[in-house]
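Participant: So in numbering that gives the first Met the number 0, spot 46 of the sequence shown is number 45, and the numbers just go up one at a time. All C-beta atoms in this analysis are idealised placements derived from N, C-alpha and C, irrespective of residue type, glycine included.
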Amino acid sequence: MAVINTQNSYAKMEFPLTIKRQDAFSIDPTEIWPSLEAAQEYAQTNPTAYVGQKLSVVVDGVSTPYQIKNAAGELEPLGGTPATDEEVAEMFNEVFNSGATGN
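(1) Is GLU75 helix, strand or coil by DSSP?
(2) Is the Cβ-Cβ distance between LEU54 and ALA71 less than 9 Å?
(3) Sort out for me which residues DSSP pairs PRO64 with in a bridge.
(4) On a Cα-Cα basis, can you pick out the residue from TYR49, ASN92, ASP22, SER34 that is closest to ASP59?
(5) May I ask you to report which of helix, strand or coil DSSP gives VAL87?
(6) Assign ALA48 to buried or exposed, taking buried as 16 or more other Cβ atoms, counted over all protein chains shown, within 10 Å of its Cβ.
(7) State the start and end residues of the unbroken alpha helix (DSSP H) segment that holds TYR41.
What follows is the structure, encoded as structure tokens:
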């Protein structure tokens, strides 16, 4: 289960040194996962998982970003699909009543 922590932050940690990346790997080992199932298991069972935490799942060299959505540890994908010309035209028509068309 993921933790909802809005009271504490890393700024209160007693660690006066900065962290500098030394190689091409994540500083936080819970940030990158080899499968969606492994990321879900972490988010749902690890006591250090927290709501809002960003995770990436890398499969066949392609990364998909997620965040932990709620205390149950559900993951939701970040980003999205760009709007089509027709969707943009519809939005303009709804907002500005402009009569724009998709092409």
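Facilitator: If we stick to the structure as given:
(1) strand
(2) no
(3) SER55
(4) SER34
(5) helix
(6) buried
(7) 35-44
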